[in-house]
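Worksheet: one structure, shown below.
Residue numbers (the working numbering): 635 to 1582.
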């Protein structure tokens, strides 16, 4: 029975309810779904459906909403929802109980990431996970046929959106719940609110309903007999994995497998697109679909030629649906166990399951699921959060370096210490035992849990040894965090799907010992004739126009870039590009030897001006449209590449610092996010009292000997905020010996001499444990934390860095930027062709596509920090976080490069250590070392014939 709800405009959520509900700082205190569902255990499961038409909303809050009729083939009126704002639907519930909720939606064009929404019921969030509801976009290959380069290698198909209307149940985006969420509604009037947090979509309806549970296989068999469905004969359907018709993410592109002869198509020497999935297909909720054309109605068996040599100690799990329904219960949690190489995974094993398929086309979907491991991983994550919380409590008493000979009486000062340790030890031991039971073998997965439990037992037995064991405790909890992250990963690579009649045998070509031996021999021989540095199409010797471009990043980036070059640059301009993957350390010697490229990409900020001094890089201002191209970037991005009256590079990436903070820890301590450095001083007193730390940008030596050390970003920020600069008189002298330069150096070093802040540390790990609940770091740390620390999701944020109060009362938040650039070498013969390439590469469209491709290729951790203003706007940041990022970007300043400027960062570092470690007065240190800077600048200006 279906009841259609009608909007009730007279009854809406109050503003106060929404304001209290939308307070994300309270997120970490919320109950989780497991607790919520236990509170409603035994509640009724009414069979009545309630359908809420999206266009019949009772209240809208924010912009970007629009009613649309007959949208993309959907009858009736739909509601367009933007990247932000809230919509309410008010309705009557006749029968109290637990309901599933689903959404019929269409993912309109946005920024290429999954759509995210937060749910409120009657102005309150029912549980924490309801803040992160995810709705997938749908992707497919741009071209159905595989394209080859002129070397005979297959090119990876580009993924494009193929949006369609989809109905999705509200479920856990982390995958810790295998079933869709259940929501409790009492009898009476209720209001559902959906808040947009990322990406727009069109909504047709919300539905309250009961999800039907699939029958077990033995019952399905009886149903087959009752319906008189016969086994088919002589049918063999093979679907290549790479022929997937739809996927939930652009990362799920077809792959090339060259390590096995079992795949099809196969080549020992050429790149062939022949499988799909692999390590990219590992996160809960990711799915792929294949279309199967069934010639005859009846019963079939099914197998996957697959490879799961990624995870051992646990197994990869998949949920199988046919035309949107799980055929029988056993298909909800299909186990793909560890084994090296390709094998046939037959559904049902030696006694294969039979699947009923009608004649015609069907859609088979495999979705990543945590399966039996879901509850175990969730338990370990909860345990990790509790152990980290206990670590912070211990830290507040002992500090990071406890006195070994002092009895801190922790069991008395932290009342719940031993009880928490005991409970978590028992929990981890139970999980370790279940892991062995599920996987059928002992492994490193189980060993880590046992090590943590053993340490907890020892600490319970001898509480006075806790301070001595604190370092090992922190190491083990860090390992536990890594365990959670890795255990959630369920990779699987698929070559072929077989759907066959029960009387047919599955093919096993290429899996024998002889095939493996032949493969190894031919691969070895072909390695002598293959150039692994060349990427994609190689320009022929008689090509009209061609340029050589060097790139110093990974092969994935290079392959993506080459595909884009062939598709949108060479095809339009007729200019061929030889893209080479090289170690950028060879750029200088290669240029000196006359063997360098025409264009070099992804190079450090100090190189363009250093090459310009030696007439090795080309001045880009010579091109008529330079001013137009320059306007694509903020002025600060051009500063490091400006020398005399020229500009010698175009910016590719631009990064700067942001203030990262733990909402839960600051709330515990009663602290606010600091707005000024005076606020930071007050905050430091509270943190110090609780033996916690504030992270300032690391003061460290160059990672590689001889590498340039840029001026410390913290000193630069304070200098800019105080109205100072690094150089005066057009770069002829260092300005660090000015009054502002000296006072800023004193202010900077006092953080380390007076407050004893750490100079070198691992920010991500300390931030994760809460030992360093607030710190200043490069904004790309956001990407790392999003992936690296799932247990603190929603419990941290970032904001513009603290500023300096000016005389007029305003706060100056200026911050320096770093980044990378693309340069044209002076020896380039066809400078116009090289300039065309540089313009294309740094353009809005190219940078947007590359940024999205990188994120699609490697996930959120690889979000591209482009310097192009419009391209950055197009990357899939959550709206609230991007607003903070843009607010800081308005204050970004470029770091100038001058002849001899490499001494600035180096001697600033030396002066810092002379004051902080050598305990020499700040003024004396900086004055001594500025003299070296002045001498070097003078020497270099003389060497290059520049006015003194």
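Positions of the beta carbon are idealized from the N, C-alpha and C atoms, including for glycine.
Since this is a predicted model, take the numbers as computed values, not measurements.
Query	Result
Three-state secondary structure (DSSP) of residue 733	strand
Integer Cβ distance of residue 1002 from residue 918, believed to fall under 8 Å	5 Å
Rounded straight-line distance, which links the Cα of residue 1250 to that of residue 1220	14 Å
Separation of residue 1037 from residue 1419, as counted between CA atoms	32 Å
Member of 1075, 1080, 1049 and 1074 whose CA lies at the smallest distance from the CA of residue 1064	1080
Start-to-end residues for the alpha helix (DSSP H) that takes in residue 867	Residue 867 -> no alpha helix (DSSP H), and no H or E assigned at all.
Cα-Cα separation between residue 1213 and residue 1183, rounded to whole angstroms	5 Å
Check: residue 1367 C-beta below 8 Å from any heavy atom of the ligand ADP	Absence of the ligand ADP is noted for the structure shown, with no ligands found whatsoever.
Beta-bridge partners of residue 999, as assigned by DSSP	923 and 955
The segment 1261-1269 in contact with the segment 1491-1508 per 3-pair CB rule at 8 Å	yes
Beta-carbon proximity list for residue 1359, same chain, < 6 Å, skipping 5 on both sides	1369
For residue 1271, three-class secondary structure by DSSP	helix
Distance between beta carbons of residue 666 and residue 762, contact taken as under 8 Å	5 Å
For residue 742 and residue 695, the rounded distance between their alpha carbons	20 Å
Three-way DSSP call (helix, strand, coil) for residue 1561 in this model	helix
Neighbour-count burial assignment, residue 1217, 16 or more Cβ in a 10 Å radius	exposed
Counted within 10 angstroms of its Cβ, other Cβ atoms place residue 1116 as buried (16 or more) or exposed	exposed
Short Cβ contact (9 Å threshold) for residue 970 with residue 951	yes
Beta-bridge partners of residue 723, as assigned by DSSP	826
Residues bridged to residue 1292 (per DSSP)	1411
Identity of the residues DSSP links to residue 744 by a beta bridge	Per DSSP, none; premise fails for residue 744.
For residue 1285, the residue or residues it bridges with in DSSP	1455
Which residues DSSP lists as bridging residue 977, in chain order	940
Cβ neighbour criterion (16 or more within 10 Å) applied to residue 820	exposed
For residue 1009, the first and last residue of its enclosing alpha helix (DSSP H)	1008-1032
Inter-stretch contact (C-beta, 8 Å, three-pair minimum) for the segment 1346-1354 and the segment 1506-1516	no
Simplified DSSP state of residue 1509, which is helix, strand or coil	coil
Residue 638 (DSSP reduced to helix, strand or coil)	Note that residue 638 has pLDDT 35, beneath the 50 cutoff, so the model's placement of it is unreliable and no number is given.
Own chain residues within Cβ distance below 8 Å of residue 1293, not counting five before or after	1307, 1308, 1408, 1409, 1410, 1432, 1433, 1434, 1435 and 1436
Through-space distance from residue 1200 to residue 1480, alpha-carbon basis	12 Å
From 1089, 1024 and 1134, residue whose alpha carbon lies closest to that of residue 869	1134
Strand pairing of residue 932, partner residues [DSSP]	991
N- and C-terminal bounds of the alpha helix (DSSP H) containing residue 1475	1465-1476
Proximal residues to residue 1192 (C-beta, below 7 Å), its chain only, five neighbours per side dropped	1169, 1185, 1213 and 1215
For residue 1443 and residue 770, the rounded distance between their alpha carbons	47 Å
Distance CB(residue 1302)-CB(residue 1015) smaller than 9 Å	no
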